[in-house]
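Number of protein chains: 2
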Amino acid sequence: MFEVAELKCTLDKIEYAGQIPDLRMQLLDLQQQIEAAGIAVIFLVAGLDCAGKGDIIHTLNEWMDPRYMGTYAFGRPSEDERERPNHWRYWMALPPRGRLGIFTVGWYGPPLADRLYSRIGEAEFLAELAHINRLEKAWTSDGALVVKCWLHLSKKQQRKIIEKTEENPETRWKITEVEHDHLKLYDKFLVIAEKALRETNTPEAPWFLVNGYDSHYRRIAIGRHLAHCISARLESDQNSIARLEPPLSSPGPSILSAVDLEARLEKKAYQEEKARFQSKISRLTRLGRQQKRSAMLVFEGWDAAGKGGVIRRITPAMDARNYRVIPIAAPTDEEKAHHYLWRFWRHLPRDGNVTIYDRSWYGRVLVERVEKFASDEEWHRAYSEINDFEEELTGHGIILLKFWLHISQEEQYKRFQERQQTRYKRYKITDEDLRNREKWDAYEQAVNDMVTHTSTSYAPWHIVAANDKYHARIEIFRTLCHAYERALKL
Amino acid sequence: MFEVAELKCTLDKIEYAGQIPDLRMQLLDLQQQIEAAGIAVIFLVAGLDCAGKGDIIHTLNEWMDPRYMGTYAFGRPSEDERERPNHWRYWMALPPRGRLGIFTVGWYGPPLADRLYSRIGEAEFLAELAHINRLEKAWTSDGALVVKCWLHLSKKQQRKIIEKTEENPETRWKITEVEHDHLKLYDKFLVIAEKALRETNTPEAPWFLVNGYDSHYRRIAIGRHLAHCISARLESDQNSIARLEPPLSSPGPSILSAVDLEARLEKKAYQEEKARFQSKISRLTRLGRQQKRSAMLVFEGWDAAGKGGVIRRITPAMDARNYRVIPIAAPTDEEKAHHYLWRFWRHLPRDGNVTIYDRSWYGRVLVERVEKFASDEEWHRAYSEINDFEEELTGHGIILLKFWLHISQEEQYKRFQERQQTRYKRYKITDEDLRNREKWDAYEQAVNDMVTHTSTSYAPWHIVAANDKYHARIEIFRTLCHAYERALKL
C-alpha cells in the first residue's frame, strides 16, 4: 500500500513560493463558504514520526483564518477524560457546523499504539477500527466532512530525517528515545498501519497518502487535497467512492517510473542460475505438497513483457499432477452469470497444489478499468473486494505471489516488431496490441493505483524489471523460492 | 431486540388456507420476473432450534418452481471444503443471476456455534461478523438481492415445542441431545445472536425477525416478506435503510399491548416498600460513588405516565452532590450546531455520579419520528447510532437503565382531565398534549420499533405498567436496585 507514498517527492523553493498565494486565497475563501453552508469539517492528520504532522498543523494555522478553526492534539487521557468513555474527548472537540477542526492522530492514536506495543490482539484491534468507522460514519451521516491524511516516509527517509535533526543543535531536542524506538519498530508498525488504513478507508471518510519527506511538497499536497475535498463537498459531489490515492497535486513519480530497467543478467550466469533455481523449485513444491501448502502465482504485466516465457520456465520444474496454468481470457456464459470473482473462487487449488494465473482477477482494475468494461464504481470497489479475497486465501495458508512484469515502451515496440518478423510469433500480435500501446499512460496510472490499493503485507506486489528477460526470470524464481522457504517447515 | 419477536403470533387454519393461493401465485410470478431481470436472490433462513427453519425450506420448495431455485444446508465442512478457505463453499453455492438460492443458517452457522461454545473470543467473533458483512456486500454490490430471516422463539416456547415433539412417537426422533443442550444455553445464545444480528443488519442485507411458534403464521409471514423484498427490488426501490422490523404481515401484537396494565399495589404496601427501597437506593448510590461506577437513568413514556413523579421519589434518596436531573427540552443553538448526540455526550456523568434523564436521546426515534422533525433516513440510522453510544457507555462501566412508562389511553385521558381540574397541575397540559393523543398509534409503532432495535443485552428496555403509579414506582425502584447490585462489589 505504501509503495507509492514512499517515493520521494520534492518541490523547489521557487515553485513552492509560487504556489502558495493562490492556495491560501482558495483555502480562506473555502473557509467562508463552509461557514455559510454550515458544514463541519473534520481534518485529521496522522502518519509516521518526523513525517511533518506538526508542520502541517502550523502551516494550516498560518494559512487559514484561526477564528474559524480549532486544533486538537490528544496525549494520554487526563483524569477528566479517563472518567468517561474513550471517545468522549473526540466528541467534545467536534467542530460545530460551519467550522474546521484539525486533529493530529486523534482517535487513531490509541489503537495504533496499543497494537504496536501488543497491548491488544489483532481481533481487538479490528474491533477498535470498526468502532472508529462507526464514529466517523455518525459524523458524516450528520453532514460533516471528514478528511484524513496519512504522512508517510520510507524507513530510509525516516532514519535520514532523524539523523539530520539530531545533527543540528537547534533541533536536537525534537528527537527523543520514542523516535528511535519507533524507527526500530518501523516494519512492525507498517503492517499495523496498513491494516488500519485499509479497514478505515471508507467511502464516507477515505484516506489520502502523502510522502512527507519534503516539507514544501507535503504542505502544498495536503493544502490542495483539503481544498479539493471541501470544494467537491460544496459542489455536493459527495465523492462516494473510497480511495487511497497517491498524491493528487504536483505530479509525483509513478511506481513504475521508479523501476531500474537497466538491470541485466548475462546469458551464462542466467543459465547457471536457472538450473539452480529450477531444481530448488522442484524440491520446494514437492515439499509444499507434502505439507499441504498450496500456492497461487499471479502474472500480470505489459503485453510482450514475457509472462508466458516465465511460466514456461517454471512449470517444467514441477510435477505435472501438481500444478495448473490458467490463462484468463473472456469469461464463459456461466461465469458471466456470477460475480466476477466467482470464476477465481471456482479454480482455487486444493491444499498442496500450485495454480499459475496468466493474467488474473486484476483484469478488473486494469483492462476493465482502462477500456471502460467496468464502471467507475465497479473497479473502485474491486480493490477492497480483491483485498478481502486475497486475505481469505492467505489466511487459509495459500502462498500468494503477484508479479507485475515491467518493460519500457521502447522495449515493447521492439518486441512487437520482432514478433511481426518472426513468423511463428506473428499470431501473438493483434490490432489490439497496437491500440493498447496508445493507452500506456492510462495503464501506468491503473498500475500505480493497483499497487497502492492492493499491495498488502500478506500479498505484496512484486514489480519486476523485465527489459532483460534473463534478469526478470531469475528475479521471479528467487522471489518464488523465498516465499516457499518462509512458508514451509524446512 | 427479541422482545417483539417473542410475542406469540398465530393464524388459524381457515385464514391460513385462504391466504395461500394468492401468495403462491405471487411468488411464482416473481420467480419469473427475477429470471427475466437477471437478479440473483440469496434467501437465508436462520434462527433458533425448533423455530421452523426446515419447515420454511420445505414450504418454499413446495410453493415455488424448483427448476429455478436451489437449496443449500451446510454441515461440518467436507474434506474438499476444509482444503479451501472457509467461504469457498458459500461462493460455490451462489445462485447465478436470475435464480433463487435458499440457505439455512449458511455463513452464520460457524461463527455462532464457535462463539456459543467459546471456541472464539468476542473480538474474533466481531471480526467474523465483519467478514460476513464484506461477503454479503460483495454480492449485493454485484446486483444480488440478499434477504435474511431470523425465526425466533421465547425460551418457554422453545421448551414447549421440544416437549410436544418428544411426546409424539412419530416426531420424537427429531429431538436429540443437541436440542436439549441448546435449550440449556438459551440465554447465552440470545446474547450472541443479538450481537450477530445487530452487527450484520446492514442497509444492503437487513434482517427480518419472525416469531416461529405457529407454523401457519411463520410461513405466511416469511413468504410475504420474501415477496415484498423481491417486488421492492424489481421496482428498483433498493430500500437502502436498515431495519430489524417486527413481522410485516398478519398484524401481530405490539410490545405495549402485551403489558398487563391491571397490575396494582395498595397504598400501604407501597409506602412500606418505598421506604425500604429508598434506603436501599441511598446505600447503593453511595457505594456506587465509592466504587466509581456511574449510572444513567432514562425515563421515557406517554405524557402523564408519571415520569416526573418517579424521579421526584428517587432523588431524595441520593446525595445532592452526586446526581443531576436533566430534563430534555428543545436543544440550544450550540447544541443544534452539533450532531444530535453531542448534547448527551456533553452531559455524561463523571465516574461515580448519577444522571437522570427526563426524556432523552430517544426523542430522535419517538417524537422526532412521529412529528417528522427528523427525516426517515435520520431516525432509521439513529437506532444503530444509539446502540453504539450506549455500548460505549456500558463498556466504560456506566450502569444504564431505560424505562418506558406505559399507560392506557383511557388512563391518560383521565389524568389530563384531572390536571385541568387541579389548578396547580394545569400548567402541565398544553394543546400539544391533546394533539399527541391523536397520534397514539403512530407512537405505539415507534415504541415497538424502538424496543426491537435498541433493547440490547447491555442496555435492555424496561417496559413498566404505569396505570397504577404505586406499582410503577416500586417496580422501577426494584429494577434500579437490582442493576446496582449486579454491577457493584457488595
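So the protein sequences, as listed, match chains A and B.
Residue numbering for the first sequence follows the numbering used here, starting at 30 and increasing by one per position.
Residue numbering for the second sequence follows the numbering used here, starting at 30 and increasing by one per position.
We put the CB at the ideal spot given by N, CA and C, even for glycine.
Extent of the continuous alpha helix (DSSP H) to which residue i belongs
i       : result
K468(A) : No alpha helix (DSSP H) contains K468(A), which DSSP labels as neither H nor E.
T88(A)  : K82 to W92
A261(A) : S244 to L263
F154(A) : E151 to S170
D109(A) : E108 to R111
G138(A) : G138 to L145
A516(B) : K498 to A516
F445(A) : Q438 to Q450
W120(B) : W117 to M121
Boundaries of the beta strand (DSSP E) in which residue i is found, first to last residue
i       : result
C178(B) : L174 to H181
D380(A) : Looking at the DSSP string, D380(A) is not in any beta strand (DSSP E), and its letter there is neither H nor E.
Y101(B) : M98 to A102
F432(B) : I428 to H435
F72(B)  : V70 to G76
W490(A) : W490 to A494
Three-state secondary structure assigned by DSSP to residue i
i       : result
A333(B) : coil
V207(B) : helix
P356(B) : strand
D41(B)  : coil
K321(B) : coil
K365(A) : helix
N416(B) : helix
K401(A) : coil
D387(A) : strand
I191(A) : helix
N268(A) : Confidence is the limiting factor: at N268(A) the pLDDT is only 49, short of 50, which leaves the residue's position unreliable, though a coordinate-based value still follows. N268(A): coil per DSSP, three-state reduction.
V327(B) : strand
T133(A) : strand
L294(B) : coil
D284(A) : The question names Asp, but residue 284(A) in the sequence shown is Ile. DSSP places I284(A) in coil when its eight states are reduced to three.
N240(B) : strand
A222(B) : helix
H409(B) : helix
R350(A) : coil
V482(A) : Residue identity check: residue 482(A) is His in the sequence provided, not Val. If DSSP states are grouped into helix, strand and coil, H482(A) belongs with the helices.
L395(B) : coil
Y487(B) : coil
Burial state of residue i, where buried means 16 or more other Cβ atoms lie within 10 Å
i       : result
Y119(B) : buried
P378(A) : buried
I43(B)  : exposed
I270(A) : Any reading at I270(A) must be qualified, since the residue scores a pLDDT of 47, below 50, and its modelled position is unreliable; no value is offered.
V207(B) : exposed
A488(B) : buried
R444(B) : buried
A501(B) : buried
S183(B) : buried
L226(A) : buried
E108(B) : exposed
Chain C within 8 Å of residue i, Cβ atoms only
i       : result
M121(B) : Protein chains A and B are contained in the structure displayed, whereas chain C is not.
Could you say if the segment 32 to 46 of chain A and the segment 241 to 257 of chain A meet the contact criterion of at least three C-beta pairs nearer than 8 Å? Remark: three or more beta-carbon pairs, one from each stretch, lie closer than 8 Å, so the segment 32 to 46 of chain A and the segment 241 to 257 of chain A are flagged as touching.
So, does the segment 324 to 342 of chain B touch the segment 498 to 512 of chain B, judging by three or more C-beta pairs under 8 Å? Yes, since at least three Cβ pairs between the segment 324 to 342 of chain B and the segment 498 to 512 of chain B fall closer than 8 Å, the two stretches touch.
Are the segment 172 to 181 of chain A and the segment 73 to 80 of chain A touching, with three or more C-beta to C-beta distances below 8 Å? Flag = yes, the segment 172 to 181 of chain A and the segment 73 to 80 of chain A touch.
Are three or more beta carbon pairs between the segment 90 to 103 of chain A and the segment 45 to 65 of chain A nearer than 8 Å? A contact exists between the segment 90 to 103 of chain A and the segment 45 to 65 of chain A.
If you pair each beta-carbon of the segment 290 to 298 of chain B with each one of the segment 349 to 366 of chain B, do three or more pairs fall below 8 Å? Under the Cβ criterion (8 Å, minimum of three pairs), the segment 290 to 298 of chain B does not count as touching the segment 349 to 366 of chain B.
Across the segment 151 to 161 of chain B and the segment 151 to 162 of chain A, are there enough close Cβ pairs to call them in contact, namely three or more that are closer than 8 Å? Yes: at least three Cβ pairs fall under 8 Å.
I'd like to know if the segment 331 to 339 of chain B and the segment 418 to 437 of chain B are in contact, where contact means that at least 3 CB-CB pairs between them fall below 8 Å. Put simply, the segment 331 to 339 of chain B touches the segment 418 to 437 of chain B. At least three CB pairs are less than 8 Å apart.
Decide yes or no for the touch test of the segment 471 to 480 of chain B against the segment 381 to 395 of chain B: beta carbon pairs closer than 8 Å, at least 3 of them. Verdict: yes, contact present.
Say whether the segment 137 to 154 of chain B touches the segment 401 to 417 of chain A, bearing in mind that this needs 3 or more beta-carbon pairs closer than 8 Å, one atom from each stretch. No: fewer than three Cβ pairs fall under 8 Å.
Counting pairs of Cβ atoms below 8 Å between the segment 188 to 208 of chain B and the segment 135 to 143 of chain B, do you hit three or more? Fewer than three Cβ pairs drawn from the segment 188 to 208 of chain B and the segment 135 to 143 of chain B lie within less than 8 Å of each other, which leaves the two stretches out of contact.
Is the segment 98 to 109 of chain A in contact with the segment 208 to 218 of chain A, if contact means three or more CB pairs nearer than 8 Å? Flag = no, the segment 98 to 109 of chain A and the segment 208 to 218 of chain A do not touch.
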